[in-house]
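Trainee: Sequences listed follow chains A and B, in order. Each step along the first sequence adds one to the number in my numbering, with nothing skipped, and position 334 is 441. Each step along the second sequence adds one to the number in my numbering, with nothing skipped, and position 244 is 351. Even for Gly, the Cβ is constructed at its ideal location relative to N, Cα and C.
Protein chains: 2
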Amino acid sequence: MNAVVPCTSSVSIGPQRFVVVYAIEGNEEQARAKAIDLCFEQTVEFPETLVPERLIREGVVGRLDSLDRRDERSFLAAVSFAGDAATGDLTQWLNMVMGNTSLKPGIRVERIDLGPTAAAFRGPRFGRAGLRELLGVFDRPLLCTALKPMGLPVGDLADLAYRFASGGIDLIKDDHGLADQRFCRFEDRVSHCAAAVARANRETGLRCRYLPNVTAGPDQMPRRATFAKDCGAGGLLMSPGLCGFEAMRQLADDDVLALPILSHPAFQGGFIASPNSGFSHHALFGQIPRLAGADATIFPNFGGRFSFSREDCIALAAGTGAPMAGIRPIFPVPAGGMSVAQVHELAAAYGSELIILVGGGLFRAGPDLAENCRALLQIARQFPS
Amino acid sequence: MNAVVPCTSSVSIGPQRFVVVYAIEGNEEQARAKAIDLCFEQTVEFPETLVPERLIREGVVGRLDSLDRRDERSFLAAVSFAGDAATGDLTQWLNMVMGNTSLKPGIRVERIDLGPTAAAFRGPRFGRAGLRELLGVFDRPLLCTALKPMGLPVGDLADLAYRFASGGIDLIKDDHGLADQRFCRFEDRVSHCAAAVARANRETGLRCRYLPNVTAGPDQMPRRATFAKDCGAGGLLMSPGLCGFEAMRQLADDDVLALPILSHPAFQGGFIASPNSGFSHHALFGQIPRLAGADATIFPNFGGRFSFSREDCIALAAGTGAPMAGIRPIFPVPAGGMSVAQVHELAAAYGSELIILVGGGLFRAGPDLAENCRALLQIARQFPS
Chain A
108 MNAVVPCTSS VSIGPQRFVV VYAIEGNEEQ ARAKAIDLCF EQTVEFPETL
158 VPERLIREGV VGRLDSLDRR DERSFLAAVS FAGDAATGDL TQWLNMVMGN
208 TSLKPGIRVE RIDLGPTAAA FRGPRFGRAG LRELLGVFDR PLLCTALKPM
258 GLPVGDLADL AYRFASGGID LIKDDHGLAD QRFCRFEDRV SHCAAAVARA
308 NRETGLRCRY LPNVTAGPDQ MPRRATFAKD CGAGGLLMSP GLCGFEAMRQ
358 LADDDVLALP ILSHPAFQGG FIASPNSGFS HHALFGQIPR LAGADATIFP
408 NFGGRFSFSR EDCIALAAGT GAPMAGIRPI FPVPAGGMSV AQVHELAAAY
458 GSELIILVGG GLFRAGPDLA ENCRALLQIA RQFPS
Chain B
108 MNAVVPCTSS VSIGPQRFVV VYAIEGNEEQ ARAKAIDLCF EQTVEFPETL
158 VPERLIREGV VGRLDSLDRR DERSFLAAVS FAGDAATGDL TQWLNMVMGN
208 TSLKPGIRVE RIDLGPTAAA FRGPRFGRAG LRELLGVFDR PLLCTALKPM
258 GLPVGDLADL AYRFASGGID LIKDDHGLAD QRFCRFEDRV SHCAAAVARA
308 NRETGLRCRY LPNVTAGPDQ MPRRATFAKD CGAGGLLMSP GLCGFEAMRQ
358 LADDDVLALP ILSHPAFQGG FIASPNSGFS HHALFGQIPR LAGADATIFP
408 NFGGRFSFSR EDCIALAAGT GAPMAGIRPI FPVPAGGMSV AQVHELAAAY
458 GSELIILVGG GLFRAGPDLA ENCRALLQIA RQFPS
């Protein structure tokens, strides 16, 4: 019946492949069947019986490289895909890794091995070492906080930014809900907050950076990033679950902007809602933002107001630093209701190659915000890197 | 302690609010606590004790309008949010609906009531009636198929397009894995396939439309959409899970393009992987693509190779057509391994306001593809709308 599907010539497809390791539920026979199905579903999306044999031979169809028992109920399937089919655009790349298969239960992306296809990606412009260089901080975890709550007038947000910077915070990000609201316009906020941080830096001699939230649609995001850069903002906050990972990659790769990027996990929870579907924390919050050019990845820490386990978080942090075909390591940023008192716990769990993000907790320690920041800084200095 | 957080003046926030109905697991006390927590988490992201009271009074913080028992283990919480805080940008709008809360288990978006905030959205340009008008088909379900498999040379894809169009298919979409691969360049494919469909239309007198896949990053997508339009393509395929819903909204709202949009569910599976988290099928595949301007929404049908239940699919289809503050109804497009023989079942489940998408199944019916299409058309005509 194949004759009904034409395939008149070979396609020019390179030999470079990357490997995705999927955890698949079932006994060996079931897992193998699901893995083979996945090789077709994620590429030709066509019944095996109808696919011109040439497409299998040429490697357009995914290849099951190995299938190994994972535990009593599941297997690990290593599937390779052609780099030329996935392209260097993360919309198509992610589509190949998990597009349709995300809609099927019992299959989870555990980790990705880019191999020679890594050449299609620049990864983070700065990474851990580059961000430390920008900030001039080499001997302790970095400190980050957030401008909030949404609803404050711009002047109050700028005042907060000034006090955080005066107190020695390294990175001040917008809360990810600060967009371009009528009551707090992007340009108004960003220009005032960037100026407030610059003023504090002149007084302290430090190099605090302000990272406004530029998450928006394709027509606004590049414009906002440029505006931020022109105001002197020192980086960008983006939520790739909302604007797409490829949008992040494009801003990261922009040589005129050349700003560090902080990735926020908003709207990505679906992929870790079930332990047997979606992505591992390691891949979703560790490897993928790194591939998309983030220099640091925010995630909900264990013990905060979210529900990630300690084990999830440690595996996630490993994804930020493990060798990845030459792509730079990035900072893990555990967050979500952290208090100043938890810094010891964070350093114990993650080591000192870490950004400590304390938001509301910074207000709780005492009435003088800059003083609270300095106290946090003192604690962070106890953990030399 | 509030004095530490400045709030020197009121913000100018309009009274228009929209309502999100969340299903929340727990007993009444637990559900109420989670619902109130959500009102803060999704807006000010700040502990209630630290939020300046003015932000609550002015409505920046979400409001729990009602809490009703859903079943023995869960409640329905209706939470309203300020339209001015969510803005008309779907990145921020979705962030407010489910950004951080997506990372918490046991909370699911059931449905959305836009109320007066609907004025911020144009919704679908065509919708059901407009798409029928474009195609000149008023008396039966519409027919759709896909150009695939990935890996075919452009000439073969164009040949398929010609045969599908000759056989009377209304809408021919790219497979969602056809991007801009080295072995099948976007511009080459789109120009040849659009020309093939135009040639068939000249011969048949029909109005078949070709919808290329324009899913890509912000720098490429608008350019590809414009190229497609200039080639005579009759619509666009987009996967908003990969490129973002706001990117879809912007192309839908583009008055120069003015093309119908077909939404593909790739990479959205995480949100329906757990029955107690993420989104209902009704909201995710019915209401939200409609809000983002899609004219039709593809989803995996029950009984195919995916795992949506019949109940999920019927609720989803209801989300495409139920009254939604003046936003046009759109077509449900059940898909995923449909065969010609299943048309009766589809029409029985969804009625005739439906797009029937048959991919690989069209090849199976017999060796002459155009003849297979004509047979499908004959069956569809048995279900007058």
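Against Gln123/B, what residues of chain A qualify as contacts under a CB-to-CB distance less than 9 Å, listed in chain order?
Mentor: For Gln123/B, no chain A residue has a Cβ inside 9 Å of its Cβ, as the nearest lies near 11 Å away.
Trainee: Evaluate Glu418/B with the Cβ neighbour count: other Cβ atoms within 10 Å of its Cβ, from every protein chain shown; 16 or more gives buried, anything less gives exposed.
Mentor: exposed
Trainee: Taking only beta-carbon atoms, is Asn357/B less than 8 Å away from chain A?
Mentor: The question names Asn, but residue 357/B is Gln in the sequence shown. Interface residue, yes.
Trainee: Kindly say whether Thr252/B, judged by its beta-carbon, lies nearer than 8 Å to any beta-carbon of chain A.
Mentor: no
Trainee: From the beta carbon of Ala373/B, is the nearest beta carbon of chain A less than 8 Å away?
Mentor: yes
Trainee: What residues in the region 267 to 286 of chain A have a beta carbon less than 8 Å from any beta carbon of chain B?
Mentor: So the close ones are Leu267, Asp282, His283, Gly284, Ala286.
Trainee: Checking the sheet assignment: what are the DSSP bridge partners for Arg316/B?
Mentor: The beta-bridge partner set that DSSP reports for Arg316/B consists of Leu278/B.
Trainee: Find the nearest neighbour of Gly63/A within the set Met257/A, Ala140/A, Arg316/A, Asp191/A, judged by alpha-carbon distance.
Mentor: Residue 63/A falls outside the range modelled here, since chain A spans only 108 to 492, and no answer is possible.
Trainee: Who are the neighbours of Gln288/A on chain B, taking C-beta pairs under 7 Å?
Mentor: Close to Gln288/A, with beta-carbon spacing below 7 Å, are these residues of chain B in chain order: Asp191, Ala192, Thr194.
Trainee: For a contact defined as C-beta to C-beta under 9 Å, what are the partners of Ser119/B on chain A?
Mentor: Arg289, Phe290
Trainee: Relative to the C-alpha of Ala286/A, which candidate in Ala332/A, Gly341/A, Leu250/A has its C-alpha closest?
Mentor: Ala332/A
Trainee: Would you verify that the beta carbon of Leu162/B is, or is not, closer than 8 Å to some beta carbon of chain A?
Mentor: yes
Trainee: Which same chain residues end up closer than 7 Å to Gly230/B when comparing Cβ atoms and leaving out the 5 residues on each side of it in sequence?
Mentor: Arg397, Leu398, Gly400, Ile434, Arg435
Trainee: Can you check whether the C-beta of Gly410/B is within less than 8 Å of a C-beta belonging to chain A?
Mentor: no
Trainee: Hey, does Met445/B have any beta-carbon neighbour from chain A nearer than 8 Å?
Mentor: no
Trainee: Excluding five sequence neighbours on each side, which residues of the same chain lie with their C-beta closer than 6 Å to the C-beta of Met205/A?
Mentor: Val216
Trainee: Compare the C-alpha of Thr194/B against each of Pro223/A, Asp191/A, His388/A, Ala323/A and name the closest.
Mentor: It is Ala323/A.
Trainee: Grab me the residues of Phe68/A's own chain with a C-beta within less than 7 Å of its C-beta, minus the 5 sequence neighbours each way, in chain order.
Mentor: The requested residue 68/A does not occur in the structure, where chain A is confined to residues 108 to 492.
Trainee: Around the Cβ of Met108/B, are there at least 16 other Cβ atoms within 10 angstroms (buried) or fewer (exposed)?
Mentor: Bear in mind that the predicted position of Met108/B carries a pLDDT of just 41, short of 50, making it too unreliable to give a figure here.
Trainee: Find the residues of chain B that neighbour Ser381/A, judging by a C-beta separation of less than 9 Å, and give them in chain order.
Mentor: Gly377, Ala380, Ser381, Ser384
Trainee: Pull the bridge partners of Tyr129/A from the DSSP assignment, please.
Mentor: Partner(s): Ala184/A, Val216/A.
Trainee: DSSP on Ser209/B, reduced to helix/strand/coil?
Mentor: helix
Trainee: Evaluate contact between the region 303 to 319 of chain A and the region 267 to 283 of chain A, counting only Cβ atoms and requiring at least three cross-stretch pairs below 8 Å.
Mentor: yes
Trainee: Taking a contact to mean a Cβ-Cβ separation below 8 Å, would you say Leu250/A touches Ile463/A in this structure?
Mentor: yes
Trainee: Could you name the residues that DSSP lists as bridge partners for Ser173/A?
Mentor: Ala185/A
Trainee: What's the call for Asp362/B, buried or exposed, on a 16-neighbour Cβ count within 10 Å?
Mentor: Asp362/B should be labelled exposed.
Trainee: Assuming the contact rule is C-beta atoms closer than 8 Å, Asp360/A and Arg316/A should be a hit. Round their C-beta distance to whole Å, please.
Mentor: Their Cβ separation, rounded to whole angstroms, is 20 Å, which puts Asp360/A and Arg316/A out of contact at 8 Å.
Trainee: Establish whether the CB of Lys141/B and some CB of chain A are separated by less than 8 Å.
Mentor: Output row for Lys141/B: interface = no.
Trainee: Between which two residues does the beta strand (DSSP E) containing Thr252/B stretch?
Mentor: 249 to 254
Trainee: For Thr115/A, which residues in chain B fall below 8 Å Cβ to Cβ?
Mentor: By Cβ distance, chain B contributes Pro260, Gly262, Asp263.
Trainee: Between Leu157/A and chain B, is the shortest Cβ-Cβ distance under 8 Å, so that the two count as touching?
Mentor: yes
Trainee: Out of curiosity, what's the CA-to-CA distance linking Glu148/B and Ala373/A?
Mentor: Annotation: Glu148/B to Ala373/A spans about 11 Å, alpha carbon to alpha carbon.
Trainee: Assess, as a yes-or-no matter, whether the region 477 to 484 of chain A is touched by the region 119 to 134 of chain B under the definition of 3 or more beta carbon pairs within less than 8 Å.
Mentor: no
Trainee: To which residues of the same chain is Leu476/B closer than 6 Å at the C-beta, ignoring the five residues directly before and after it?
Mentor: Non-local beta-carbon contacts of Leu476/B in its own chain, meaning distances under 6 Å to residues more than five positions away in sequence, involve Arg270 in chain order.
Trainee: State the DSSP-derived secondary structure class of Asp191/A, mapped to helix, strand or coil.
Mentor: helix
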